[in-house]
Amino acid sequence: MTIAKHLPDASTVRSVRQRLDRPLVLVGMMGVGKSTVGRKLAAALGMAFTDADDEIVAAANMPIRDIFDSFGEAYFRDGERRVIARLMEDAGSGSVIATGGGAFVTEETRAIILENAVAIWLNAETDTLVERVSRNDKRPLLEGGDTRELVATMQAAREPSYAQAHIHVASDTGPHHVAVRRIVEALDRWLP
Numbered sequence: 063m064t065i066a067k068h069l070p071d072a073s074t075v076r077s078v079r080q081r082l083d084r085p086l087v088l089v090g091m092m093g094v095g096k097s098t099v100g101r102k103l104a105a106a107l108g109m110a111f112t113d114a115d116d117e118i119v120a121a122a123n124m125p126i127r128d129i130f131d132s133f134g135e136a137y138f139r140d141g142e143r144r145v146i147a148r149l150m151e152d153a154g155s156g157s158v159i160a161t162g163g164g165a166f167v168t169e170e171t172r173a174i175i176l177e178n179a180v181a182i183w184l185n186a187e188t189d190t191l192v193e194r195v196s197r198n199d200k201r202p203l204l205e206g207g208d209t210r211e212l213v214a215t216m217q218a219a220r221e222p223s224y225a226q227a228h229i230h231v232a233s234d235t236g237p238h239h240v241a242v243r244r245i246v247e248a249l250d251r252w253l254p
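Shown next as structure tokens:
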């Protein structure tokens with residue numbers, strides 16, 4: 063079954079695509095599905111997809127965990143901001159960009175995204191996030207503690223930043239195409 067069967071009608075998708083004049087940037091907690099939903103959203107809208115974390119790894123020539131360990135979070139966030147700014151500039155309106163969970167929390171990065179893109183906050187319940195991030199041991203900010211407690215604390219601290227996004231969409235435990243449909247419908251309502 064293709065994702066197209068689960069989207070709004072073709073004329074709505076076409077209208078959204080024609081009205082987009084900047085990239086779409088997905089923000090939200092780690093494990094919410096930004097990369098997976100982003101790929102499917104890009105395919106549905108006929109746009110390119112880029113994962114900012116992959117671009118950071120390529121630019122630094124080392125895994126994110128190693129960047130954190132060797133240089134610290136502040137260094138990582140500075141590089142992340144520069145990479146996201148470059149991706150938005152290079153992509154124009156034809157791209158969906160998935161960001162790392164902390165990108166939109168950094169004030170300067172958030173300001174750049176809000177000015178140059180449509181920021182879409184994917185949100186999920188804490189239990190859903192814990193279940194998803196528990197499958198991945200490459201999350202440096204979740205080391206050294208109870209995963210549920212760390213995720214809940216981080217989620218509460220980051221929500222005020224995420225809430226500044228232009229569009230808010232739930233990304234629950236259901237199929238990813240549901241989140242894609244919600245994003246397209248929200249874009250249709252939000253875009254002029």
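For the sequence shown, the residue numbers in the numbering used here are 63 to 254. We put the CB at the ideal spot given by N, CA and C, even for glycine.
Buried or exposed for residue i, please, with buried defined as at least 16 other CB atoms from any protein chain shown within 10 angstroms of its CB.
i: residue 123; result: exposed
i: residue 179; result: buried
i: residue 236; result: exposed
i: residue 244; result: buried
Do you know how far the Cα of residue j is from the Cα of residue i?
i: residue 116; j: residue 233; result: 22 Å
i: residue 253; j: residue 87; result: 15 Å
i: residue 211; j: residue 131; result: 22 Å
i: residue 238; j: residue 70; result: 15 Å
i: residue 141; j: residue 151; result: 15 Å
i: residue 173; j: residue 190; result: 28 Å
I need the boundaries of the beta strand (DSSP E) containing residue i, first residue and last residue.
i: residue 112; result: 110-113
i: residue 230; result: 229-232
Is the CB-CB distance between residue i and residue j below 9 Å?
i: residue 95; j: residue 241; result: yes
i: residue 182; j: residue 231; result: yes
i: residue 226; j: residue 176; result: yes
i: residue 186; j: residue 91; result: yes
i: residue 126; j: residue 111; result: no
i: residue 106; j: residue 75; result: yes
i: residue 93; j: residue 163; result: yes
i: residue 155; j: residue 251; result: no
Less than 8 Å separating the Cβ of residue i from some heavy atom of the ligand GTP?
i: residue 149; result: As far as ligands go, the structure on display features none, and thus does not contain the ligand GTP.
May I ask which residues mark the beginning and end of the alpha helix (DSSP H) holding residue i?
i: residue 178; result: 169-178
i: residue 153; result: 135-153
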